[in-house]
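Take a look at the structure set out below.
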Amino acid sequence: MAQVKKVTLPLTDETLKEVRAGDNLLLTGVMYVGRDAAHKRIVEAMEQGKPLPIDIKGQTIYFMGPSPPRPGRPIGSAGPTTSGRMDAYSPRLIAAGLKGMIGKGSRSEAVK
464 MAQVKKVTLP LTDETLKEVR AGDNLLLTGV MYVGRDAAHK RIVEAMEQGK
514 PLPIDIKGQT IYFMGPSPPR PGRPIGSAGP TTSGRMDAYS PRLIAAGLKG
564 MIGKGSRSEA VK
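Under the working numbering, think of the first position of the sequence shown as 464, with each following residue one higher.
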């Protein structure tokens, strides 16, 4: 079994020096959830000089596609959604200090 690295969010440059693609991470702390519509609103607010509801520096965003709950269940599933849909907004968020993104699928060269 692969070793699991414990990582506390928000991320720091020091923490990121310790992890590599393919590492198994156990994340603890605050993680934000959003998909393309939320990313668009965040970037538009930044471009208009409006304050954001969160400080994006060091944060991690999970690209999640929620589904409605089954009858009798309190919540539905919360699986990852396609990361490529966020690629138009990701460079601007990274420049603002976003450190982590979790999703599925390939990313464009602009984000890699």
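All C-beta atoms in this analysis are idealised placements derived from N, C-alpha and C, irrespective of residue type, glycine included.
From this set, the options, which residue's C-alpha is nearest residue i's C-alpha?
{"i": "residue 517", "options": "528, 529, 531 and 501", "result": "501"}
{"i": "residue 567", "options": "493, 529, 543 and 558", "result": "543"}
{"i": "residue 565", "options": "539, 572, 507 and 548", "result": "548"}
{"i": "residue 569", "options": "545, 487, 489 and 480", "result": "545"}
CB-CB under 6 Å to residue i, same chain, minus the five flanking residues each way: which ones, in chain order?
{"i": "residue 574", "result": "550 and 553"}
{"i": "residue 541", "result": "527 and 529"}
{"i": "residue 532", "result": "538 and 539"}
{"i": "residue 488", "result": "468 and 470"}
{"i": "residue 571", "result": "550"}
Can you look up residue i in the DSSP assignment and give me helix, strand or coil?
{"i": "residue 561", "result": "coil"}
{"i": "residue 554", "result": "helix"}
{"i": "residue 575", "result": "coil"}
Quick one: what's got a C-beta closer than 7 Å to residue i's C-beta in the same chain, skipping five residues either side?
{"i": "residue 503", "result": "552"}
Let me check one thing: in DSSP terms, what residues is residue i bridge-paired to?
{"i": "residue 471", "result": "491"}
{"i": "residue 496", "result": "525"}
Suppose the cutoff is 8 Å on Cβ atoms and the five residues either side in sequence are ignored; what does the same chain contact list for residue i look like?
{"i": "residue 495", "result": "517, 522, 523, 524 and 525"}
Could you tell me if the beta carbon of residue i falls within a distance shorter than 7 Å of some heavy atom in the ligand SAM?
{"i": "residue 554", "result": "Looking at this structure, you won't find the ligand SAM or any other ligand, since it has none at all."}
Problem set entry | alpha helix (DSSP H) runs contained entirely in the segment 498 to 543, provided each spans 4 or more residues | 499 to 510
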